[in-house]
Amino acid sequence: MKGKEATLFVDQQPPLQRGKGDMPPEPRYVRIGSATIYAEISGAGNPLILIHGLGGSTRWWARNVPALARFWRVHVVDLLGFGRSRGQRFVLHKAAELLVNWMDALGLCRASVVGHSMGGLIGAHLAAQSPDRVERLVLVDAAAMPLERLSPRDAWRMMWGLQHLPLTLLPVLCADALRAGPRTVLNALRELLRTDISADLARVEAPTLIVWGEHDATLPVAVGRRVHACLRQATFLVIKDAGHCPMWQCPDVFNDAVIQFLKQ
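Here is the structure:
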């Protein structure tokens, strides 16, 4: 993706995500080569990037943006092939490089990054590969260990746990997955289950907060502890009464923790 020409333009369609009682986010497309990356931008201040997980979109952060945008200029991005981002096939190991090109197009020299599940893996990869671009890192129930590194019990729980996402999130998940299409979702899942970023985690220099749902049936807390053990300087927070999507299930607790960490 290096050296690709980038074009910035504003979407005229209504954004997928709105903060209740707040100004609607500014929809923004960036064309990088043959890829088109969609993002929604809210607030003012230092840049903060939110990266969704497998099958997700900007909408997964709808319960967090209003709180975070009080302190930062929040960029909620759709990964290539998901949400409104289009133009190329999603390739997990190239996602971080594409995000760097996207940051360049927006003039974002350095930002804090929050990534959920697969987005956490991409955020960690970004922090390891481009340490000068990441101020602080938040990993939310991050998919950072390959399937073969999980115990058979953990691997089974990971697949079974996909059925137990919050009921209020399921309509959003289904709509987003249908929009992306089964080929994109399945190809991303296959690559995700084979990816080991243990070495990348060890190279992350940015202060890191790891947030995990206590009742995550997709990636149990034990996986979070392994992620924590790989990082140089990290804080590990378990949110009670939350599963794989604590930012959706317990937004007030999640938002407070992230704000406190990012303000340090």
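Numbering-wise, my numbering comes out as the position in the sequence shown, counting from 1, plus 15.
Idealized CB from N, CA, C, for every residue including glycine.
Simplified DSSP state of residue i, which is helix, strand or coil
i	result
S100	coil
F269	helix
T183	coil
G219	Sequence inspection shows Val at residue 219; the Gly mentioned does not correspond to that position. Coil, per DSSP.
A249	strand
R46	strand
S213	helix
A232	coil
A54	strand
V106	coil
E20	At E20, the pLDDT of 42 sits below 50, so the modelled position is not reliable; the number obtained from the coordinates is stated separately. The answer is coil: DSSP assigns E20 none of H, G, I, E or B.
Identity of the residues DSSP links to residue i by a beta bridge
i	result
I66	V92, G130
L154	G130, I225
I254	G228
V149	A126
E112	According to DSSP, E112 bridges with nothing at all.
E206	According to DSSP, E206 bridges with nothing at all.
Straight-line gap, residue i to residue j (C-alpha atoms, nearest Å)
i	j	result
S132	L234	9 Å
G71	A192	7 Å
L152	R88	16 Å
Q264	N61	26 Å
S100	A54	8 Å
V128	L185	25 Å
H230	A249	21 Å
A257	F251	15 Å
N79	G239	21 Å
I66	A82	16 Å
I137	D93	13 Å
V273	R209	29 Å
A84	A221	21 Å
A244	A139	14 Å
A110	L95	8 Å
A158	L207	8 Å
R316	L69	An answer regarding residue 316 cannot be provided, because it is not within the stretch 16 to 279 covered by the chain.
I47	E112	11 Å
D267	P197	33 Å
T51	D147	24 Å
R241	L277	23 Å
I64	A143	16 Å
F269	P261	7 Å
I56	D271	20 Å
P40	F86	15 Å
G134	L114	11 Å
G36	V236	In this prediction, G36 has a pLDDT of 37, which is less than 50 and means its spatial position is unreliable; what the coordinates show is noted afterwards. In a straight line, the C-alpha of G36 is about 35 Å away from that of V236.
A59	A232	36 Å
R125	M38	25 Å
V45	V219	27 Å
A77	R247	31 Å
8 Å Cβ cutoff, residue i in contact with chain B
i	result
V115	Of the chains in the structure shown, none is chain B; there is only one protein chain.
| request: For the stretch 210-230 and the stretch 114-126, state whether three or more C-beta atom pairs, one from each stretch, are separated by less than 8 Å. | output: no
| query | Are the stretch 199-207 and the stretch 100-116 in contact at 8 Å, needing three or more beta carbon pairs? | reply | yes
| task | Report yes or no: do the stretch 221-235 and the stretch 138-156 share at least 3 C-beta pairs separated by less than 8 Å? | result | yes
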